[in-house]
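Order-wise, the sequence lines are chains F and X.
Numbering-wise, the first sequence is residues 1 to 433 according to UniProt numbering.
Numbering-wise, the second sequence is residues 1 to 433 according to UniProt numbering.
Down below is the structure, laid out as structure tokens.
Number of protein chains: 2
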Amino acid sequence: MMAAAASWNTKHNLFLLANDRTLSNNSLSFLFGGSWLHSLCCTRPAKLSMKVSAATLGMGTTKLSSSACPIVDVDLGDRSYPIYIGSGLLSHSDLLQRHIHGRRVLVVTNTTVASLYLDKVVSALTDGNPNVTVENVILPDGEKYKDMDTLMKVFDKAIESGLDRLCTFVALGGGVIGDMCGYAASSFLRGVNFIQIPTTVMAQVDSAVGGKTGINHRLGKNLIGAFYQPQCVIIDTDTLNTLPDRELVSGLAEVVKYGLIKDALFFEWQEKNMQALISRDPDAFAYAIKRSCENKAEVVSQDEKERGLRAIGNLGHTFGHAIETSCGYGHWLHGEAVAAGMVMAVDMSYRLGWIDVSIVERVSNILKQAKLPTTPPKMMTVDMFKSAMVVDKKVANGVLRLVLLKGPLGSCIFTGDYDRKALDETLHAFCKS
Amino acid sequence: MMAAAASWNTKHNLFLLANDRTLSNNSLSFLFGGSWLHSLCCTRPAKLSMKVSAATLGMGTTKLSSSACPIVDVDLGDRSYPIYIGSGLLSHSDLLQRHIHGRRVLVVTNTTVASLYLDKVVSALTDGNPNVTVENVILPDGEKYKDMDTLMKVFDKAIESGLDRLCTFVALGGGVIGDMCGYAASSFLRGVNFIQIPTTVMAQVDSAVGGKTGINHRLGKNLIGAFYQPQCVIIDTDTLNTLPDRELVSGLAEVVKYGLIKDALFFEWQEKNMQALISRDPDAFAYAIKRSCENKAEVVSQDEKERGLRAIGNLGHTFGHAIETSCGYGHWLHGEAVAAGMVMAVDMSYRLGWIDVSIVERVSNILKQAKLPTTPPKMMTVDMFKSAMVVDKKVANGVLRLVLLKGPLGSCIFTGDYDRKALDETLHAFCKS
Ligand SMILES: NC(=O)c1ccc[n+]([C@@H]2O[C@H](COP(=O)([O-])OP(=O)(O)OC[C@H]3O[C@@H](n4cnc5c(N)ncnc54)[C@H](O)[C@@H]3O)[C@@H](O)[C@H]2O)c1
Ligand SMILES: NC(=O)c1ccc[n+]([C@@H]2O[C@H](COP(=O)([O-])OP(=O)(O)OC[C@H]3O[C@@H](n4cnc5c(N)ncnc54)[C@H](O)[C@@H]3O)[C@@H](O)[C@H]2O)c1
Ligand SMILES: [Zn+2]
Ligand SMILES: [Zn+2]
């Protein structure tokens, strides 16, 4: 009823038979003009490139100043979007308002993150922009709430607030919030605009980029969801200052993953800089996040819907998801499970004769440096792995496909064509029974 | 665990780094070959055309024999798909099996339709094809079950059965089943193949075509969902033989809609053939279904995601959804609510001076012939309409956009640019308070 008033008092009805984006952006483009971007951000790097010069790498951490704002593009045709990375971005009204569609915003966050950053984000969204009203929905914190009941709270809030198709959902939080908010945005009125503001390492280096959204089912991780791309990703590296160590380190598992699957130089950089990362060196972090986003953006732009190539981002995840599901969601963090899962995938690759023993050792060493687990929890049995792995999204016609390393450092393969004996041996090597 | 066995006993692991469709169709294309289509169906009409010759129309019902199988194409680039229309199609194993991906099928249906057609469909899916296993999930019958709890039953069944990403969901039923099964298919493992087998007039002429899927929220119809296209639509007109009269007639409201929004010749044909339709003349029905599908396919192929043009398919629906939501889902059938809603939209168009009074009379007459309601239920008040219309998906930035008739028969406009007084007058004219 309160929403009714707003709608029915509108004086100027607008004629619209064009793309919604036209309507929603009219006022914003008037305010900000075309050259806005340059005044905010340092330099926009040319098209993302996979080459990192050895000189840069030799310098230890890179010389990115923490006030810089590099942009990584996710190239997906007319659904392309920028990833902004920098310090203090949460306070940049211009940046936050630039990607809002419509006049109504719903910030989706959780109890922990709301108390830290919600006010700041709401201020940045509304500062100097009286036309925008911001609602929020604060979900309980935890992987175990990444479910349909919690998702319904987002829909309830959006509908009770009378949000329309030109509204914008903003995900403010870690991977759990990003995945749920994105899925809600994909389904609310069959799809509304959304923005990712990731606040964990995990979300900044991986989950906020690429449009995989969804929720868990009691029988398996992320089994219900959608591919749905955000309008932009805003990474304020300052938010990591409040992140607990265990969460910070969990995200590093995905950083290590990029090195192993496709970026040997990045892996070597990590070997030299892991100490800087776990002691929260801001420059090292800025570089690790940017390089991770570039790697992810490249894979996503080549294979948005994971028909093939994109699956390599799942190194260690089939084993890892089995751990997460079997232990009860949230007991092992996603990155911790992935770390142990990567060690198992690397072990299996070695048993298949596909990689040199030195890679096995380097993977184990770097994860230990990061203080990540290198074995699954003791309670896991071979049967627990097997029954959980069967519902993995990568099973096709009954064949379990895995990401395995093959060849020199930085090369992998996604395949169902492997000797089952190696898989059995790996499972038995890592489980007591 | 039972699923585990199937997966872990597989001997031949397959290498797959290509499109899933390649893998899943290998065996089928081997079985059926290329010229299969011609042996099953009469003629494949050339590219759908909007012109129906006056001669054909003059003949009363068309001369389509009921054993014929016309195909209407929904042209959406690499997501294009055929709509097969004909008598006895449910028994055509070849046809049903042609569009299955993978070896696992989940038929989603309801208690009423299951007892009538489930066995037949399962036989057709499995006949001569021992590689395919078919699961089913039988939902409770009714619009009031088009909700998240019921949707979860589909996910539970799919996951408990160990279905993988190469499975196929089959929607067997009316619009409620089609909308729910389609949404489930869009979200299960972030999207699996699905097939529409509509068994009501409503679903055959409208809801099964075009990829709008979703569920209701207690505050509004279809507020949660996705655009997700099926692999094909199989319309067996024989299924209408068991459909109750009230349901049959409900679907005719959408048929009338196509005439009004874009197909004057079709409207004139309906004026001559409404009697044949309500007395279930199979030839008249085959023609009405085909012509409706052609109209819908044309609109959908021009504007899949309803950025503009496609909205014209919502003539009468903003008023109609308000009726459905306010009365409690299922008390008024969707088509009944749309019929009353169309009369209101036409009334408002006339008040705006946009159409001739003769159109107002012809709309009222044809709906009365069809025994459809031409006024909303007596309990509806102006305020009930207003508060329900505010959450309509067509509201943008607080402006309620409506589909209204403008110009000669068969012309309409989707706009928020109208005199609010006309809307108020219409609401007051149709409500006591
Ligand atoms: N969509 C994808 O592509 C993708 C990729 C990787 C992971 N994921 C998903 O992401 C989830 C894991 O994400 P996560 O590791 O970010 O977990 P999370 O979202 O649960 O966040 C971890 C914890 O940190 C807290 N937190 C978040 N930001 C904080 C901050 N700045 N300061 C203090 N505390 C903060 C959270 O409240 C939570 O307690 C899993 O569900 C995983 O499946 C998705
Ligand atoms: N997605 C779209 O584009 C779209 C378009 C129009 C309508 N819809 C939706 O479709 C729904 C209405 O569809 P509907 O009118 O088919 O209702 P429905 O699905 O509830 O079916 C009507 C009744 O007929 C029964 N039934 C179905 N087939 C039968 C048969 N062959 N013989 C006997 N009984 C049979 C059903 O069990 C039900 O009781 C609404 O939810 C509406 O929102 C969606
Ligand atoms: Zn991950
Ligand atoms: Zn309808």
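Glycine included, each C-beta is placed from N, C-alpha and C at the ideal position.
Residue i, buried or exposed, once every other Cβ within 10 Å from all chains shown has been counted against 16
i, result
"Thr426/X", "buried"
"Phe414/F", "buried"
"Gly211/F", "buried"
"Arg165/F", "buried"
"Gly316/X", "buried"
"Gln229/F", "buried"
"Met2/X", "Reliability of the predicted coordinates at Met2/X is poor, the pLDDT of 33 falling under 50, and no value is obtained from them."
"Pro140/F", "exposed"
"Thr213/X", "buried"
"Asn314/X", "buried"
"Gly173/F", "buried"
"Cys98/X", "Sequence inspection shows Arg at residue 98/X; the Cys mentioned does not correspond to that position. The residue is buried, with at least 16 neighbouring Cβ atoms inside 10 Å."
"Val357/F", "exposed"
"Gln204/X", "buried"
"Arg190/X", "buried"
"Thr111/X", "exposed"
"Pro130/F", "exposed"
One or two residues paired with residue i in a DSSP bridge
i, result
"His92/X", "For His92/X, which the question treats as bridged, DSSP gives no partner whatsoever."
"Glu135/X", "Leu106/X"
"residue 437/F", "What is shown of chain F runs 1 to 433, which leaves residue 437/F out entirely."
"Ile235/X", "Ile85/X"
"Val74/X", "Tyr81/X"
"Tyr287/F", "The partner list for Tyr287/F (beta bridge, DSSP) is empty, contrary to what the question assumes."
"Trp332/X", "Tyr329/X"
Whether residue i touches residue j by CB criterion (8 Å)
i, j, result
"Gly220/F", "Val391/F", "yes"
"Ala311/X", "Val403/X", "yes"
"Phe323/F", "Met380/F", "It should be pointed out that residue 323/F corresponds to Ile in this sequence rather than to Phe. The answer is yes: Cβ separation under 8 Å."
"Tyr81/X", "Thr239/X", "no"
"Cys181/X", "Arg104/X", "no"
"Ile197/F", "Cys412/F", "no"
"Ile159/F", "His217/X", "yes"
"Ala253/X", "Gly410/X", "no"
"Ala114/F", "Ile138/F", "yes"
"Asp75/X", "Ser301/X", "yes"
"Met342/X", "Val363/X", "yes"
"Phe155/X", "Ala184/X", "yes"
"Gln270/X", "Ile355/X", "no"
"Ala288/X", "Val209/X", "no"
Residue i at chain F interface by Cβ criterion, 8 Å
i, result
"Ala396/X", "yes"
"Val132/X", "no"
"Arg44/X", "In this prediction, Arg44/X scores a pLDDT of 31, lower than 50, which makes its location untrustworthy; no coordinate-derived value is stated."
"Thr62/X", "Per-residue confidence for Thr62/X stands at a pLDDT of 31, beneath the threshold of 50, marking its modelled position as unreliable; the derived number appears in the next sentence. No, its Cβ sits nowhere closer than 8 Å to a Cβ of chain F."
"Phe267/X", "no"
"Leu95/X", "no"
"Ala223/X", "Rather than Ala, the amino acid found at residue 223/X in this sequence is Leu. Yes, because at least one Cβ of chain F sits closer than 8 Å to the Cβ of Leu223/X."
Short CB-CB distance (under 8 Å) between residue i and chain X
i, result
"Ala185/F", "no"
"Ala226/F", "yes"
"Asp164/F", "yes"
"Leu315/F", "no"
"Lys393/F", "yes"
"Met180/F", "no"
"Met379/F", "no"
"Ser29/F", "Annotation note: pLDDT 21 at Ser29/F (below 50); position unreliable, coordinate value reported separately. No, no contact with chain X."
"Met384/F", "no"
"Phe430/F", "no"
"Ser433/F", "no"
"Met152/F", "yes"
"Met274/F", "no"
"His334/F", "no"
Proximity test, residue i beta-carbon vs ligand 6 heavy atom, cut-off 7 Å
i, result
"Asn110/F", "As far as ligands go, the structure on display features ligand 1, ligand 2, ligand 3 and ligand 4 and does not contain ligand 6."
Runs of alpha helix (DSSP H) lying entirely within the stretch 151-230 of chain X, each at least 4 residues, in chain order
Along the length of the stretch 151-230 of chain X, whole alpha helix (DSSP H) runs at least 4 residues long occupy 175-187, reported in chain order.
Kindly provide the ranges of any alpha helix (DSSP H) runs that are 4 or more residues long and lie completely inside the stretch 346-400 of chain F, ordered along the chain.
357-369 and 382-389
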